[in-house]
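**Q** One structure coming up, written as structure tokens, with questions to follow.
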């Protein structure tokens, strides 16, 4: 299973900061936003990760993560020249995906809580695609999945004016290798983009779309606006302050998952400048 983080987009709703750098580099409490989606892939045991972004931001991600080897990862980078849609990720990442399955997570999506729904999808190795459904109050803002009386997905609509359910499709998707050819055969939507909803519809037409509902106890935060960024920062600030445990701390996850040894973890900590972040990792090292 390979992992792709799509961290592109123009981020116009975040202007003026988006004029300087990608919104995925904005701070969510004490770390860049992109740490959170990468942590989800790592917690799922995914160690080969492709980051896709615009030409201006790729060098900043390379400075932040390098090749990922210090975290026991293999991180590579590709450029999305223009925001041509989420589904273009599979065309850009074709060589990276090769003959494998792939998980795509959007760089501005955060998941917090028990990720059993995701681990279940990874462990099933099902033919086709697995997407997720999360109940929301404002379904007109998202891709919405409709279920029949037996709980089977029967339709998906992108930002419908009259939503057929309150179940939104978050920016986390698990696909088999067919996704590359499906993406290649898509036609741009009226927005001029290759839509991820059309990818999911193609799997639905094949009878190979699996939808897992995300139950209570999991927070999905979509950080597309300044207000959403502020709420996410406050959310994680409260949790970290209360528990004394960091969320989406990539170095800690790499160590706890066995991606790196204790001696390698120690070396990583020693290379971090004096900071509260290093103090936290030193506590982990001493446990």
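Residue numbers (my numbering): 4 to 290.
Note that beta-carbon positions come from the ideal geometry of N, C-alpha and C, so glycine has one too.
(1) If we call anything under 9 Å between Cβ atoms a contact, is residue 92 one with residue 186?
(2) Measure the beta-carbon distance from residue 43 to residue 107 and round it to whole angstroms, keeping in mind my assumption that it falls under 8 Å.
(3) For a minimum of 4 consecutive residues, which ranges assigned as the alpha helix (DSSP H) are wholly contained in the segment 207 to 262?
(4) Under a three-way DSSP split, which group does residue 285 fall into?
(5) When DSSP builds the beta bridges, which residues end up paired with residue 116?
(6) My guess is that residue 212 and residue 88 are in contact by the Cβ rule of under 8 Å, so how many angstroms apart are they, rounded?
(7) Based on Cα-Cα distance, which residue from 79, 112, 180 lies nearest to residue 50?
(8) Excluding the five sequence neighbours on either side, which residues of its own chain have a C-beta within less than 6 Å of the C-beta of residue 201, listed in chain order?
(9) In this structure, does DSSP put residue 155 in helix, strand or coil?
(10) Ignoring anything shorter than 3 residues or poking outside the segment 164 to 202, list the beta strand (DSSP E) runs there in chain order.
(11) When you compare the segment 130 to 141 with the segment 238 to 254, are there three or more beta-carbon pairs, one atom per stretch, that lie closer than 8 Å?
(12) Which first and last residues belong to the beta strand (DSSP E) in which residue 81 is found?
(13) Let me make sure I understand the geometry here. Which of 181, 177, 53 has the alpha-carbon closest to that of residue 69?
(14) Just to check my reading of the structure: residue 228 and residue 16 have Cβ atoms closer than 8 Å, yes? What is that Cβ distance to the nearest angstrom?
(15) Residue 65 lies in the beta strand (DSSP E); which residues open and close that run?
(16) Name the DSSP bridge partner or partners of residue 148?
(17) Which residue spans inside the segment 85 to 111 form an unbroken alpha helix (DSSP H) run of at least 4?
(18) I'd like the ranges of any alpha helix (DSSP H) spanning at least 4 consecutive residues and lying wholly in the segment 10 to 48.
(19) Go to residue 51, then tell me how far its beta strand (DSSP E) extends in each direction, as first and last residue.
(20) CA-CA distance, residue 152 and residue 179?
(21) Using only alpha-carbon positions, find the residue among 164, 159, 165 that is nearest to residue 203.
(22) What first and last residue would you give for the alpha helix (DSSP H) that runs through residue 290?
(23) Nearest to residue 242 by CA position, among 177, 74, 19, 116, is which residue?
(24) Hey, could you find the ends of the beta strand (DSSP E) residue 275 is sitting in?
**A** By the coordinates alone:
(1) yes
(2) Between residue 107 and residue 43 the Cβ distance is about 11 Å, and since that is not below 8 Å, they are no contact.
(3) 229 to 246, 253 to 259
(4) In the structure shown, the three-state DSSP call for residue 285 is helix.
(5) Paired residues: 221.
(6) So it is not a contact: roughly 19 Å between Cβ atoms.
(7) For the residues 79, 112, 180, the minimum Cα distance to residue 50 belongs to 79.
(8) 189
(9) coil
(10) 175 to 178
(11) no
(12) 77 to 82
(13) 53
(14) 5 Å
(15) Residue 65 -> not in any beta strand (DSSP E); alpha helix (DSSP H) instead, spanning 61 to 68.
(16) 159
(17) 91 to 95, 97 to 100
(18) 38 to 46
(19) 51 to 56
(20) Between residue 152 and residue 179, the C-alpha separation is close to 27 Å.
(21) The shortest C-alpha separation from residue 203 is found at 159.
(22) Counting along the chain, residue 290 falls outside any alpha helix (DSSP H), and DSSP gives it neither H nor E.
(23) 116
(24) Run containing residue 275: none; DSSP gives neither H nor E here.
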